[in-house]
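Beneath this line is the structure, given in structure tokens, with notes to follow.
Number of protein chains: 2
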Amino acid sequence: MDELYYFLIASLVISVGAFAFAYWLYTWVKKQPSSNPKIAYVGKLIKAGANTFLKKEYKVLARFAGVAAVLILIFLPKPIWKWDFQNALAKDLIANVGMAVSYIAGTIFSAIAGKIGIDIATIANVKTAEAAKEGIKPSFLTGFRGGAVMGMAVVGASLLGVSLVYLITKDSTMLLGFSFGASSLALFAKAGGGIFTKTADISADLTGKVELGIPEDDPRNPAVIADNVGDNVGDVAGMGADLFDSNVASMSAALVMAVALASLTNNTKLVPMVFCYAMLGLLSSIIGVGFARMSKKSGPTSALNKSTYITTVIYAVLTALATLVFKFEWLIYGAAMVGLFVGVIIGIVTDYFTNDEKRPVRNVAKASESGPAFTILSGVSYGFLSILPAMIGIAVSALVAYKLGALIDPNLANEYGMFGISMAAVGMLSIVGMIISNDAYGPIVDNARGLAEMGELGEDVVEITDSLDSAGNTVKAVTKGFAIGAAGLTVIALLGAFVSEANAHILDLGGKVEDLIKAFDIMDPIVFFGMIIGAAVPAVFSSLLMLGVDRNAQRMVKEIHRQFEEIAGLKEGKEGVEPDYNKCIEIATEGSLKELIPAGFFAIVTTMVVGFVGGVHAIGGYLAGNIVSGLLLALFMSNSGGLWDNSKKYVEAGHNGGKGSDTHKAAVIGDTVGDPFKDTAGPSINTQITVVSLVASLLSGLFVLFSIF
Amino acid sequence: MDELYYFLIASLVISVGAFAFAYWLYTWVKKQPSSNPKIAYVGKLIKAGANTFLKKEYKVLARFAGVAAVLILIFLPKPIWKWDFQNALAKDLIANVGMAVSYIAGTIFSAIAGKIGIDIATIANVKTAEAAKEGIKPSFLTGFRGGAVMGMAVVGASLLGVSLVYLITKDSTMLLGFSFGASSLALFAKAGGGIFTKTADISADLTGKVELGIPEDDPRNPAVIADNVGDNVGDVAGMGADLFDSNVASMSAALVMAVALASLTNNTKLVPMVFCYAMLGLLSSIIGVGFARMSKKSGPTSALNKSTYITTVIYAVLTALATLVFKFEWLIYGAAMVGLFVGVIIGIVTDYFTNDEKRPVRNVAKASESGPAFTILSGVSYGFLSILPAMIGIAVSALVAYKLGALIDPNLANEYGMFGISMAAVGMLSIVGMIISNDAYGPIVDNARGLAEMGELGEDVVEITDSLDSAGNTVKAVTKGFAIGAAGLTVIALLGAFVSEANAHILDLGGKVEDLIKAFDIMDPIVFFGMIIGAAVPAVFSSLLMLGVDRNAQRMVKEIHRQFEEIAGLKEGKEGVEPDYNKCIEIATEGSLKELIPAGFFAIVTTMVVGFVGGVHAIGGYLAGNIVSGLLLALFMSNSGGLWDNSKKYVEAGHNGGKGSDTHKAAVIGDTVGDPFKDTAGPSINTQITVVSLVASLLSGLFVLFSIF
């Protein structure tokens, strides 16, 4: 049997192992005690609300995916009118059906992981709140293990899916279909969830804190449950789908290029290497999660960071051993390590810009003393500044990974170089299981904080959940930097995959070697044309999402006002009077799915217009422009959002005037601006870039056939 | 005699004609009556302050330019150790001296135009205020003719300089030196002036309006004169230097490519065509300015717009005639017209996003009802959206202009194509004389409004100047869009100039035809590396400028507080007690020049690092990334800034609660955020892109010689 099959089977085993581990964590969390009836009641409301959103989202997605699957069936990988009806109908038919099925599978695998994540998150929040009565250590462990269920499910599902598709079809192009399925879901989950969570958050704050002067998480506020639901659908399910997407895309890009290289060189080690590295990443994350605990001395932040570093080291050692044993290319090992290392660096630098012990956060807090305009100006300034290290990191790691790969064979410098970049992305995303665990921990403890308040568990308990929450915020900023960096490398690798695909189509359609794409020359006006349009897309995309949040929040505020007016005794907090929480959840759900459509539509249609106008060369420029400006804006929005959030928290901790001061008011305004930046638009740009890259790759055959220029 | 000389001489004649016309306008404005002693007194203070800034700026610049000139002497165009000491020492020496002198000439020509502009602006503000007593029509004419002096001086000086340098040296490379001189000055004038004006504006508002509750332009405020000075140094001198720079750069790029093409094809019509089109642009602007008047029915906005359209039509007709008579290429005429047409379109679209009769401004005003966070969020969203039409416009015009040029000779498609793009930029900038006149009109009438208030000329007069001021704001946003579009096309053309230069150096250094740069391939990792770093530069550059404004404003606020504390009777407005205006002007001046250094340094040093690390290919990607992200951010910042400004004005006009309401407070916060966006960072990015492009072109020989990769 081929060596590859051992690796494929090992990948399947480890994926299933991840699910088993997730199940064990799930039951462990579920077993934790809970007794407070009020918390249980609110917890149930949140769970029901999150499931309402998920059901609706999946329903809309199913319709979208159905249409997309039919289109794939007709057009991809080979348009129906190009089928060879005489000789190879079965082959062409199977290819198109395979692509459509892979696509559907991509959406379903991601959807299942999302559903698991939401389920556990809406149990773990209650358990974490109750565990806080016992102290910070058990509470931390409950929150973290809840998040880890999501981490294991997402990475397990992505490796399982990629391995299965490859095992069954033996065709790396099918992986692009699977990956596009994952991206479709991510677009709905991340952008839709992002609109949901900020709609609810903003409306709750505006009507509650600002208008009525009641505290956050006050149960009288009709939007309070929607706000908690939002944390789960936006930050747990959305973020999970986003990283599922990036992880699948990076593996797919690496495999597409490994297969292309293998056919050129008879190097049978490359495809196994990709699977081996991917599964070792998952294994390292399992080990890292298993050992995560708060020690006696250190706080929750350092516990989270420590387990990330442990995972990193385990991964570096395991892949080195594997490279030694299986005689993989050491240069590619180097490329993967560059990715991993730069990912950590980006994380640390992002931390500098959003950590309240560093200058940027403190300077923004100080600037807030002069009023909100200065909160915004200084935050925007630091946000713009903060992109530099990550951009340099991505640029340098892509360059170094390419050069390392290119050393393998000077005659195939470009092919090995691009493979090196894709493996740097795989390396950077290797510890994604750990990253997601850390990230999902955030909204769980955030919810727990709310529940502790609503369940009246007392000052001490709220304080414990508060400190867990603050650790979640710090870690979240770091993992976001990581996710954006990884997405950056992945889409550079996808650019390589796009060229492979387009060239295959050109040959398929009877093109000669001279017709193949050799370069996307910036001086070629059609490439430059694509580049400028591509650069505009992320800005417009985020604009449409933010305008959507705004419109949706206006609807919800109206509904909240109506409830306060029409439900007698609500405002006064009369015993037994309860707002209609579900109405707000409905508004957030329907609005978010409705508002995300123009943005998604815009990105996909623009890609098609550029492709059908300017052909594959315009698309090459378009993708480059899109990546560059997308990275820029995603980093800017995520970092400035995190910065404002932590500046507000810093002021609330008693600095620069403390809570209730004018400085605090200014800082709150900064935070409100930052919320859709960091939770809606910023992270959705990741998904937008991947979706656009995959649409371009999938449609490359059509662009070759039909284009004006 | 060569046909070219006729055109060169005609260019010189028309340039001198423009100066003569400027002189006539100057004396006309000066002749207008003024009698109010208070206005005369304040006017003198403003004039003195502006001259203080200018003197200091030119002194710092002289030092900078001196160092740069010495470096040029040693390194450019040929490094001293490459000189041919045996055979052609004189030639090499003359070339380097010529370059250094051209550079110095570039700074001096621009400086003279700036000085003339400031002189007339600080006279015209007084005259305009006084003329408002007679009615809106004479007041408009005075303000407009004041601005037109600047317009004529800038365009006259740029055409004169370019013609002289070419006439004397007959070497198009020397024009890059001249252009770099203009860029150096623009960097100081635009970025320095931008920091000055916003420092003063913000400090005056914060201490006056916010802390003390005294009106804008209240003479008790120590920063009030600095604020008025700022309008002149930032918006008049800075903007003039910026457009001088763009105009020179577009002509230089077109000439570099025309000369390269002429040597390949013996087409002697190309260089004359560039001069002919440039001088006809100036001629059209002279005619347009001469006919500008307010009609009985229409307001000042339509008067400004009408004269712009008239200029456009005259230019289209004159160039068509010239093309017919002198048998120039009609396809290149087409390219120039595409540039002109797209410029107008960009202007109109920008108007949509900043006009208070359109949805964006009104929606932002409406959003302000929910608080300042929503002012910011909706403004940012519309700002991001607003970039799309301009980006499409630039992309399409570059593509069409290239394709038109390429039709001339299929064997030289690329050369003619790039020439087409450069002529589109010349076409877009053809009416720049008119644009500057409109733009300089803005700060003059803004000052006039302040003077009318300080001189207590009464409600009616203030109202007239108010309506003139509002027209200035509308037109300003349009001209800014125009300037950014033109800069975009120009730098694309400069990219072509960079390749010409680098290839000339490669050949000079003994390289073979195979070594020449044929393409900047996006898939080449070194190009991609450059592209990502280049994209980061405008963001970091604007961040450094805005942080500079912030630091400088803090210094000035401190000084204002000191004056209010130490000068007895100042706060209460006791007769005869006057603040120390000069101290504030000094702080703004020194701070602005100090704060601009890190930003300028960063942009230039990063370019050098990328060039010496990655060589000319990295620089190709770097320039492309820089252009794309620079355009994006410049459009975003300029448009959102204009939008917030006009939203505030819209609320102040009595909508959504009107003056003093919470909505108004929110709108004011938006305006404060928008100020450094639109007056400091946004427009400075233009200059940054040009500076970086020219540094790259000038140092291309060194990058060819020394680079790591």
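Protein chains in written order, with the numbering used here: chain A, 1 to 709; chain B, 1001 to 1709.
Each residue gets a CB set at the ideal place from its N, CA and C atoms; glycine is no exception.
6 Å CB neighbourhood of residue i in its chain, flanking five on each side removed
i	result
D1351 (chain B)	V1478
L717 (chain A)	No answer is possible for residue 717 (chain A): it lies beyond the span of chain A, which begins at 1 and ends at 709.
G548 (chain A)	I195 and E595
E749 (chain A)	With chain A running from 1 to 709 in the structure shown, residue 749 (chain A) is simply not present.
K133 (chain A)	V461
G1379 (chain B)	V1364, S1640, L1643, W1644 and G1670
N1137 (chain B)	According to the sequence provided, residue 1137 (chain B) is Lys. The question's Asn does not apply to it. Only M1294 meet the Cβ criterion.
S307 (chain A)	G288 and A292
Beta carbon proximity, residue i to chain B, threshold 8 Å
i	result
M523 (chain A)	yes
T690 (chain A)	no
A398 (chain A)	yes
G625 (chain A)	yes
G417 (chain A)	yes
Any C-beta of chain A under 8 Å from that of residue i
i	result
V1210 (chain B)	yes
V1540 (chain B)	yes
S1543 (chain B)	yes
N1646 (chain B)	no
F1528 (chain B)	yes
A1260 (chain B)	no
V1628 (chain B)	yes
P1360 (chain B)	no
G1472 (chain B)	no
G1620 (chain B)	yes
N1656 (chain B)	no
Assumed close pair residue i, residue j - CB separation to whole angstroms, cut-off 8 Å
i	j	result
T197 (chain A)	D679 (chain A)	6 Å
N626 (chain A)	K366 (chain A)	Actually they do not touch by this definition, with Cβ atoms about 37 Å apart.
L1061 (chain B)	L1185 (chain B)	6 Å
A1471 (chain B)	G1299 (chain B)	7 Å
L1243 (chain B)	G1600 (chain B)	Not confirmed; about 19 Å, so no contact.
F1520 (chain B)	H1617 (chain B)	6 Å
S163 (chain A)	S15 (chain A)	7 Å
G1541 (chain B)	F1602 (chain B)	The residue asked about is misnamed: residue 1541 (chain B) is Phe in this sequence, not Gly. Between F1602 (chain B) and F1541 (chain B) the Cβ distance is about 6 Å, and since that is below 8 Å, they are a contact.
N1646 (chain B)	D1227 (chain B)	In fact, because the Cβ distance is near 20 Å, the residues do not count as touching under 8 Å.
Contacts around residue i, its chain only, beta-carbon distance under 7 Å, and the 5 residues preceding and following it disregarded
i	result
K1721 (chain B)	Since the first residue shown for chain B is 1001 and the last is 1709, residue 1721 (chain B) is missing from the structure and cannot be characterised.
D1218 (chain B)	G1208 and V1224
I1532 (chain B)	G1625
L1331 (chain B)	L1404, G1405, L1407 and I1408
Chain-order list of residues whose beta-carbon lies under 8 Å from that of residue i (same chain, five-residue window excluded)
i	result
M391 (chain A)	L631, L632 and L635
Against chain B, which members of the region 175 to 201 of chain A pass a CB distance test of less than 8 Å? Closer than 8 Å at the C-beta level to chain B, one finds no residue of the region 175 to 201 of chain A.
Whole alpha helix (DSSP H) elements within the region 364 to 442 of chain A, 4-residue minimum: At a cut-off of 4 residues, the continuous stretches assigned as alpha helix (DSSP H) that sit fully inside the region 364 to 442 of chain A are 372 to 408 and 413 to 428.
Contact list for the region 1488 to 1500 of chain B against chain A, Cβ threshold 9 Å: Residues G1488, I1492, L1495, G1496 and V1499.
For the region 107 to 177 of chain A, list the alpha helix (DSSP H) runs that are entirely contained and at least 4 residues long, ordered along the chain. Runs found: 136 to 169.
Which whole runs of the beta strand (DSSP E) in the region 1172 to 1231 of chain B are 3 residues long or more, in chain order? Listed in chain order, there is nothing to give.
Residues of the region 1369 to 1382 of chain B in Cβ contact with chain A at a cutoff of 9 Å, in chain order, please. Cβ contacts with chain A come from S1370, G1371, P1372, A1373, F1374, I1376, L1377, S1378, V1380, S1381 and Y1382.
Select from the region 658 to 672 of chain A all residues with a C-beta closer than 7 Å to any C-beta belonging to chain B, and list them in chain order. Taking 7 Å as the Cβ-Cβ cut-off against chain B, the residues of the region 658 to 672 of chain A that qualify are I669 and T672.
Quick one: which unbroken alpha helix (DSSP H) runs of 4-plus residues sit fully inside the region 1238 to 1303 of chain B? Chain order, please. Restricting attention to alpha helix (DSSP H) runs no shorter than 4 residues, the region 1238 to 1303 of chain B encloses them at 1239 to 1265 and 1270 to 1291, ordered along the chain.
At 3 residues or longer, what runs of the beta strand (DSSP E) sit wholly inside the region 1504 to 1537 of chain B? List check, beta strand (DSSP E) in window: nothing returned.
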